[in-house]
Structures are given as structure tokens and as C-alpha cells.
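Just add 61 to wherever you are in the sequence shown, counting from 1, and you've got our numbering.
Structure first, then comments.
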Amino acid sequence: MNPLLTARSQGLFDLVGGGWPLLHLRSFEWVFRPESEEWLRRTTAGLLAVSGWVLPRTPSPQGGLAWTRRTAVGTAASLPAVDVAYVPRGRIRPASLLEAAMQAGGLVAWWRCGRLRGHRTAAR
């Protein structure tokens, strides 16, 4: 897998996921349920929007890519953890598991990027 393409894809997903509730909270809450703690929804949306703004701008050199990978993996690991913990409790809607699946896909993509890079290095 191409790490730059992976960063840009995950960034776009995070930008849409974070931007949606910031731009039109009513439609977002129609799908995912209104929250009594609106500040928490907006904080999470803001953090996702920042991730979505930064990841697609990953510089090509390996140094920038290493930091991008840490940001992307951290985001892709923590968001599904919240979804998986709170959907069974009924605190958030099952639709949130779609986001968890997308983020899990991002984790797999980053894992494959690292694995493939390691294989190329070993072949040299």
C-alpha cells in the first residue's frame, strides 16, 4: 500500500466525519442521535477535522510520513474504541459502528504500509 495515499484517504474521511457535525449538527444528530453533551460532540468533531486537514498534507519525505503515521494510527485506534465501548451500552447509535469499521480499515491500511515497506527494505 502507498502510505501517502493511505494518509490522504484517512484524512479525507476524518475531514468529512469531523466537518459534518460542525457544519450541520442537526442532520448529523438525526443519523447518530442527539447528545446531551453537545460540547463533547463538537470537541470530537473539531479534533477529527484537524486530523482531516493535516493528514492529506503529508509531505513525501520519510520523516514527515513517520509523524503522519503516528497521528493516523492514534486517531484510527481511539475512535473505534469509543464506538465499540458505547454502542452496546446504548449511549451512541449502532450507526457509529460504521465509523469504527472505516477507522479499522485505516489501521489495516497503515499496518500493510509498514509491512510492505519492511519487506522492501529486507529485499535490498
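Backbone N, C-alpha and C define an ideal beta-carbon position, used for all residues, glycine too.
Rounded to whole angstroms, what is the Cα-Cα separation between residue 98 and residue 152? As a working mapping, residue 98 is identified with position 37 in the sequence shown. As a working mapping, residue 152 is identified with position 91 in the sequence shown. Rounded to whole angstroms, the gap between the alpha carbons of residue 98 and residue 152 is 11 Å.
Can the beta-carbon of residue 79 be found less than 7 Å from the beta-carbon of residue 135? Stepping through the sequence shown from its first residue, residue 79 is reached at position 18. Stepping through the sequence shown from its first residue, residue 135 is reached at position 74. The answer is no: Cβ separation not under 7 Å.
Starting from residue 64, trace the alpha helix (DSSP H) both ways and give me its first and last residue. In the sequence shown, the residue the question calls residue 64 occupies position 3. 64-84 is the extent of the alpha helix (DSSP H) around residue 64.
Would you tell me roughly how many angstroms separate the C-alpha atoms of residue 155 and residue 95, rounded to the nearest one? By one-based count along the sequence shown, residue 155 stands at place 94. By one-based count along the sequence shown, residue 95 stands at place 34. Going by the C-alpha atoms only, they are around 13 Å apart.
Is DSSP giving residue 157 helix, strand or coil here? The count along the sequence shown starts at 1 and reaches residue 157 at position 96. In the structure shown, residue 157 sits in a helix (DSSP, three-state: H, G or I).
Please confirm whether residue 72 and residue 126 have their CB atoms less than 7 Å apart. The residue you call residue 72 lines up with position 11 of the sequence shown. The residue you call residue 126 lines up with position 65 of the sequence shown. A distance of 7 Å or more separates the beta carbons of residue 72 and residue 126.
Among 64, 105, 161, 170, whose alpha-carbon lies nearest the alpha-carbon of residue 144? One-based indexing of the sequence shown puts residue 144 at position 83. The option with the nearest alpha carbon to residue 144 is 161.
With 16 as the cutoff for other CB atoms within 10 Å, does residue 76 come out buried or exposed? What you label residue 76 is simply residue 15 of the sequence shown in a count that begins at 1. Buried, since its Cβ has 16 or more Cβ neighbours within 10 Å.
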